[in-house]
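In the UniProt record's numbering, the protein residues as written are 1 to 768.
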């Protein structure tokens, strides 16, 4: 009984309410500030691009795909289920933060209104903004309420002259015509008389009235813009939080380096770099002894030839696709790239493949032993990823080949040391200049395929490397040698022959076994470009460790890459290296598989023609590919290259191409790489700013709509007060009264603010 009376004791209940009023303010500030903790955490995670790993919510080897397992589909399903559960949970978290922020935003709008009401400058229509500002429709209302529109200017400066011819006197306004629009209100707002504090004092000067109205108009514009921005942020907060809270599955780059730039292609001189193979020495290469490549690359050429002929047989017999040959360098295999509809064959560089092989070795060490290598500082990410892709950018040499069976080549002597060699090809005759008298940087090499001491047939190969060539019609002066050769070679080539009229190789294949003057002529033009070398290191998905080429510019002569010439000048000794012979005794043993196949293809073409041409052309392509794959290049650091350019005052329009390297790994990560994540980042930042403003501007917790209605009902309009706008409540303002004692309830009252012309303190002015 005593407890029941205590509960009903008014003094006890009043004390309890006052205590709650004293505690509620700091508590709401703390609740608002606590929102900053998850918000700042999300901003930090995305700004730092925090990496989660191969799966969400777990770590270790059990949370990634085993790269050596053939059961990766089952592992992927297990990880997907876990990831979906966590992503769904994070969406609930995002919704919770959105609701949390809406509570803070509503409190902020209310407290801004309270601070304006303390000065008596809060228009009545802005008192309840905190109830409706979240609605997107309210944005339109804000625009319509802006004082910059004519309608609202009239609201802020109402015409005191009553409509329908009535005057401003109390009697006339009360006796208006029955049909005249009357000001009707759901609630009545009372008017406070001017106080000693002067808050609602009436200005006496008309200029003061106008200035006050202008200030109030600008103040309203600022508040409306503030609320409009807060409205947008509040409506976008849920989406922004979800975008930032949910990690995404992305490909990120690790172990990236861009400090190495391309220097020169060492193709116009004989091979001299011992790094081509460990069996070669500088002295042996300078002496023209290229047999040092036999141990590693003789069988490689034989394999390429066998693969090409096997693919041709599959195509002829089964209608299968013709597959390119595969070459191996270190732990990596690679093949050519035939870009688009072009006949140019882009060949990988063995020098780059050797570096690429080191990248693959690092991947194996990282995923098996988690071994750290200072050259690959971020390789630990391989163990956190779902997939990986190794990449390098480097040179590639494209070759364009054409072979034709003919009778003989024509040699025209212009002088003792000037000759013209003409070779009949498929559609025209190709002529080159030969001899020291021309002043060209030309060279040649001879190769004998087959053992000269045996009874087997031999194939003689003569290779000419020249700086220029011309293409002439069959019935032109090239058929009888009556051309003006100086004028012919000085004339610019036709546009369709420009790519095949500069540096190139000319081949003459001849076998004494057949009737005299039966030969094969081949023309090979080489181009320099650059490619992205891409490798999937997974032994399950790429058991051959096949590196693929993505050629960056398949028309280097039309669109020169980094200002370089697209034509590659190839020395014929690179063909000797492809056959692993020496310059002093360039004989290929008949025991070589490639030797047997090229002689057989040559004989079949001579005897039967037809489809055997493709076998011979394929072997010619394989030998040319093997030769250009050996070609080395120089590099330098980016800083050294820039210094050299400045020193020589050769600042080119295009910088040297960077030979970048790195790896792509697929994993779950945060970040701001997308446009939506950037927008979410900005929205979250604005949310943090508004929370801080709320903490600084907080006065009290927002009142309920019922409390405001009750406060309005306690007041009544004077009988002679001018009409009040039904939508905006103009010209009424709201005044806020805060008690001096803590824990007491504050209150709102409604005042006319600055009375319109013809009224003073809410009543019609009396003439002096």
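Backbone N, C-alpha and C fix where the C-beta goes; we use that ideal spot for every residue, glycine too.
Predicted model, so just to flag it, every value in this text is computed and none were measured.
State the Cα-Cα distance for the pair residue i and residue j, rounded to the nearest angstrom.
| i | j | result |
| --- | --- | --- |
| residue 633 | residue 667 | 35 Å |
| residue 108 | residue 679 | 23 Å |
| residue 190 | residue 87 | Model confidence at residue 190 stands at a pLDDT of 33, short of 50, so the residue's coordinates are unreliable; what they give is reported in the following sentence. Looking at the two C-alpha atoms, the distance is approximately 55 Å. |
| residue 628 | residue 265 | 11 Å |
| residue 612 | residue 252 | 49 Å |
| residue 626 | residue 273 | 16 Å |
| residue 100 | residue 234 | 10 Å |
| residue 624 | residue 582 | 17 Å |
| residue 362 | residue 278 | 21 Å |
| residue 578 | residue 349 | 14 Å |
| residue 695 | residue 30 | 8 Å |
| residue 187 | residue 23 | No answer about residue 187 holds up, because its pLDDT of 33 lies below 50 and its placement is not dependable. |
| residue 12 | residue 708 | 26 Å |
| residue 530 | residue 373 | 28 Å |
| residue 379 | residue 664 | 11 Å |
| residue 224 | residue 701 | 21 Å |
| residue 691 | residue 112 | 13 Å |
| residue 370 | residue 381 | 10 Å |
| residue 295 | residue 318 | 35 Å |
| residue 533 | residue 636 | 20 Å |
| residue 662 | residue 388 | 11 Å |
| residue 127 | residue 84 | 45 Å |
May I ask you to list the residues that DSSP assigns as paired with residue i?
| i | result |
| --- | --- |
| residue 373 | 376 |
| residue 262 | 635 |
| residue 403 | 522 |
| residue 423 | 430 |
| residue 387 | 666 |
| residue 687 | Per DSSP, none; premise fails for residue 687. |
| residue 122 | 734 |
| residue 284 | None; residue 284 has no bridge partner. |
With 16 as the cutoff for other CB atoms within 10 Å, does residue i come out buried or exposed?
| i | result |
| --- | --- |
| residue 697 | exposed |
| residue 92 | exposed |
| residue 649 | Only weak support exists for where residue 649 lies, its pLDDT of 43 falling under 50; the value from the coordinates is given anyway. Its Cβ having fewer than 16 others within 10 Å, residue 649 is exposed. |
| residue 19 | exposed |
| residue 52 | buried |
| residue 26 | exposed |
| residue 316 | exposed |
| residue 411 | exposed |
| residue 34 | exposed |
| residue 395 | buried |
| residue 329 | buried |
| residue 433 | buried |
Rank the options by C-alpha distance to the C-alpha of residue i and give the top, closest one.
| i | options | result |
| --- | --- | --- |
| residue 437 | 486, 457 and 423 | 486 |
| residue 268 | 597, 236, 588 and 570 | 570 |
| residue 89 | 242, 441 and 546 | 242 |
| residue 344 | 567, 79 and 685 | 567 |
| residue 397 | 614, 94, 372 and 525 | 525 |
| residue 682 | 538, 237 and 464 | 237 |
| residue 616 | 519, 690 and 693 | 519 |
| residue 575 | 530, 621, 607 and 555 | 621 |
| residue 600 | 408, 226 and 511 | 511 |
| residue 257 | 137, 391, 301 and 298 | 391 |
| residue 417 | 440, 227 and 402 | 440 |
| residue 478 | 393, 222, 420 and 379 | 420 |
| residue 407 | 424, 414, 118 and 393 | 424 |
| residue 56 | 44, 80, 46 and 74 | 80 |
| residue 658 | 393, 688, 501 and 541 | 393 |
| residue 356 | 368, 367 and 376 | 376 |
| residue 131 | 103, 320 and 119 | 103 |
| residue 457 | 590, 502 and 573 | 590 |
| residue 435 | 227, 464, 402 and 85 | 464 |
| residue 119 | 105, 219, 605 and 48 | 219 |
Round the Cβ separation of residue i and residue j to the nearest angstrom and send it over; I've been treating them as touching at under 8 Å.
| i | j | result |
| --- | --- | --- |
| residue 293 | residue 580 | 5 Å |
| residue 342 | residue 484 | In fact, because the Cβ distance is near 34 Å, the residues do not count as touching under 8 Å. |
| residue 592 | residue 302 | 6 Å |
| residue 447 | residue 596 | Actually they are not in contact, since the Cβ atoms of residue 447 and residue 596 sit about 15 Å apart, beyond 8 Å. |
| residue 428 | residue 473 | 6 Å |
| residue 399 | residue 335 | At roughly 14 Å, the Cβ-Cβ gap does not stay under 8 Å, so residue 399 and residue 335 are not in contact. |
| residue 735 | residue 41 | Contact flag wrong, Cβ pair sits at about 42 Å. |
| residue 322 | residue 337 | With 8 Å as the limit, residue 322 and residue 337 do not qualify as a contact, their Cβ atoms being about 14 Å apart. |
| residue 466 | residue 506 | 7 Å |
| residue 602 | residue 459 | 6 Å |
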